[in-house]
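Every letter in the sequence shown is one number past the one before it in full-length UniProt numbering, and letter 127, counting from 1, is 127.
All residues carry an ideal CB built from backbone N, CA and C; glycine is no exception.
Just so we're clear, the structure is a prediction, and the values are computed from it rather than from any experiment.
This report concerns only the one structure given below.
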Amino acid sequence: MIYSMTGYGKSVLQLPTKKITIELKSLNSKNLDLNARMPSIYREKELSIRKILAAKLERGKVDFSIYVETTAEDTSTQINTPVVKQYIEQLKHVVDGDAIELLKMAVRFPDALNTVREEIDDNEWKIIEAQINTAVDDLICHRLDEGKVLEQDFNNRVKTIETILEQVIAMDPERVEGVRERLLKGVEELKEKYDENRFEQELVYYIEKFDITEEKVRLKNHLDYFSECINSKDSNGKKLGFIGQEMGREINTIGSKSNYAPMQQLVVQMKDELEKIKEQLLNVL
């Protein structure tokens, strides 16, 4: 089972005096990179929010937001009446104007408005916290859906590499015979006498040096292990990345040892498929 690090989660909560919207957006990242935006009243709860997100999301660049929309005639800002009246009296000695104009000027001066700091209601916060968990679960479901698409892509590309590997295995005897013929032809073109037994010994040594049997076996094992990890219960993008690196080493070694153009073309095809796998692995949790 694979989870993508890309996802979106949302939850909307309607309270008697306000509407609260919680949003989560996630992209790929090596570690958990959390950015939280919220009204100042909820800042004291930021640490507990981060703990919830870290426990459930593990990795990714996560943007967390709380939006509050007041839906009732309730405000924490009040007019400081004595101060405003005093401003108006002072303005009357400076300018001539009606009461409305003087009031407009007075409310712009310092301390004309008082903002009463709201306190978080514990019962209200429990409801909000539950909605945060709902938004996180929504994001995780989105990650799982994205992961299923990645899983299908990985399976297809692994099968493609396996198919190409089978072609490499089938071509190997032809490659060895081709190497033998090229060496024999080269020696014959020298038009010099040579020890046939010594030549056979050197030929065996040369062919063994370019033998790719171990690389073929290891690559097949890596492909099987990759498929096994994809279908496991846990999603481990880092582990799959390490397996991908090992697959790349074996493919590169086959290419460097092949010394045979048709086989090297197959190696290029395997490399292309593996690069596409590696690109997508960056998005796996």
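Ordered along the chain, which non-local residues of its own chain (more than five positions away) have a Cβ less than 7 Å from that of D153? Locating residue 153 in the sequence shown gives position 153, counting from the first residue. The answer, listed in chain order, is Q280.
Quick one: Cα of Y67 to Cα of A54, how far? Within the sequence shown, numbered from 1, the residue matching residue 67 stands at position 67. Within the sequence shown, numbered from 1, the residue matching residue 54 stands at position 54. Here the C-alpha atom of Y67 lies approximately 21 Å from the C-alpha atom of A54.
First through last residue of the alpha helix (DSSP H) which encompasses D224: For this step, residue 224 is matched to residue 224 along the sequence shown. Run containing D224: 213-230, per the alpha helix (DSSP H) assignment.
Since E57 and L32 are thought to touch, with beta carbons under 8 Å apart, how far apart are those beta carbons, to the nearest angstrom? In the sequence shown, the residue the question calls residue 57 occupies position 57. In the sequence shown, the residue the question calls residue 32 occupies position 32. Residue identity differs from the one stated: residue 57 is Leu in this sequence, not Glu. Yes, they are in contact, since the Cβ atoms of L57 and L32 sit about 7 Å apart, within 8 Å.
Whole beta strand (DSSP E) elements within the segment 33-98, 3-residue minimum: Runs of the beta strand (DSSP E) lying entirely within the segment 33-98, each at least 3 residues long, are 60-70, 77-79 in chain order.
Locate the alpha helix (DSSP H) running through E119, then write down its first and last residues. As a position in the sequence shown, residue 119 is number 119, starting the count at 1. Taken as a continuous stretch (DSSP letters only), E119 belongs to no alpha helix (DSSP H), as it is neither H nor E.
Rank K159, N236, V136, Y260 by C-alpha distance to the C-alpha of R175 and give the top, closest one. Mapped onto the sequence shown, residue 175 falls at position 175. When only C-alpha atoms are compared, the closest one is Y260.
Relative to the C-alpha of T17, which residue among E69, P39, D96 is closest? On the sequence shown, position 17 is the one that residue 17 refers to. It is E69 whose Cα lies nearest to the Cα of T17.
Could you give the DSSP three-state label for T17: helix, strand or coil? Numbered from 1 along the sequence shown, position 17 holds the residue referred to as residue 17. Residue state, collapsed to three classes: coil.
Under DSSP, the alpha helix (DSSP H) around T6 begins and ends at which residues? Taking the first residue of the sequence shown as 1, we reach residue 6 at position 6. T6 -> no alpha helix (DSSP H), and no H or E assigned at all.
Would you kindly work out how many angstroms separate the C-alpha atoms of L184 and K209, rounded to a whole number? Position 184 of the sequence shown, counted from the start, is the residue given in the question as residue 184. Position 209 of the sequence shown, counted from the start, is the residue given in the question as residue 209. When rounded, the distance between both Cα atoms is 17 Å.
With distances taken from CA atoms, which of G241, P262, S258, Q264 is nearest K276? If you number the sequence shown from 1, residue 276 lands on position 276. When each option's Cα is compared against that of K276, the closest is G241.
Buried versus exposed, by CB contacts within 10 Å (16 or more), M263: As a working note, residue 263 is residue 263 in the sequence shown. Counting the other CB atoms within 10 Å of its CB gives M263 a total of 16 or more, which places it among the buried residues.
Going by DSSP, which residues form a beta bridge with V284? Start at 1 with the first residue of the sequence shown, and residue 284 comes out as number 284. Paired residues: S4.
Can you say whether residue 366 is buried or exposed, counting buried as having 16 or more other CB atoms within 10 angstroms of its CB? A question about residue 366 goes unanswered here, because the residues of the chain that appear run from 1 up to 285.
Taking contact to mean 3 or more Cβ pairs, one atom from each stretch, closer than 8 Å, check whether the segment 92-111 and the segment 126-137 are in contact. Taking 8 Å as the limit for Cβ pairs, the verdict is that the segment 126-137 does not touch the segment 92-111.
Going by DSSP in three states, S256 sits in which element: helix, strand or coil? On the sequence shown, residue 256 is found 256 positions in, with the first residue counted as 1. It is helical.
Whole-angstrom Cβ separation of L24 and V62, contact assumed at under 8 Å? Here residue 24 corresponds to residue number 24 of the sequence shown, with the count starting at 1. Here residue 62 corresponds to residue number 62 of the sequence shown, with the count starting at 1. Right, their Cβ atoms sit about 6 Å apart.
If you reduce the DSSP assignment to three classes, tell me which class K30 lands in. Here residue 30 corresponds to residue number 30 of the sequence shown, with the count starting at 1. If DSSP states are grouped into helix, strand and coil, K30 belongs with coil.
When the Cα atoms are used, what is the spatial distance from K45 to K271? In the sequence shown, the residue the question calls residue 45 occupies position 45. In the sequence shown, the residue the question calls residue 271 occupies position 271. About 49 Å.
Could you have a look at K239 and say whether DSSP puts it in helix, strand or coil? In the sequence shown, residue 239 corresponds to position 239, counting from 1. When secondary structure is reduced to three states using DSSP, K239 falls in the helix class.
Closest by CA to Y8, which one among K216, I212, D145? As a first step, residue 8 is located in the sequence shown; it is residue number 8 there, counting from the start. Residue D145 is the option with its Cα nearest to Y8.
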